[in-house]
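This is the structure we're talking about:
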């Protein structure tokens, strides 16, 4: 092997070494970038896991508060329905009592009106009987007076 060949081989080896070094630098940069990306992804995954844990906690708290609020709402609705039912039952009792009293009062008034009507009818009948009796007596008295006047006129004529 000659010196020229050796120089050529050395030159090629140096060139190859430089290319390998450049490639190694590029690969090191790529590895550093990938390592940074992996670290960023791990941080991002950590934040995401932390956010998921916080979200699960918030969701649990929300469910708990929602269950509590729905329980309170249910109790309030049940209490309101019971109060309304009691109020309606009370109103029904009062209305029944009112209508019963009104019905009793109306029946009492009807009886009093019927009694007053009967008394009036009886009074009118008594008055009619009295009128007839007085008319009959008046006719009888009138005839008696005519007889008395006639007999006195005859007696005066005879004297």
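In full-length UniProt numbering, the protein residues as written are 1 to 159. All C-beta atoms in this analysis are idealised placements derived from N, C-alpha and C, irrespective of residue type, glycine included.
Which of the three DSSP states, helix, strand or coil, is assigned to residue i?
i, result
"residue 90", "helix"
"residue 2", "coil"
Only counting the same chain, and skipping five residues up and downstream in sequence, which positions put a Cβ closer than 7 Å to that of residue i?
i, result
"residue 73", "none"
So, for residue i: in the same chain, excluding its five sequence neighbours on each side, which residues have a beta-carbon less than 8 Å away from its beta-carbon?
i, result
"residue 39", "none"
"residue 88", "none"
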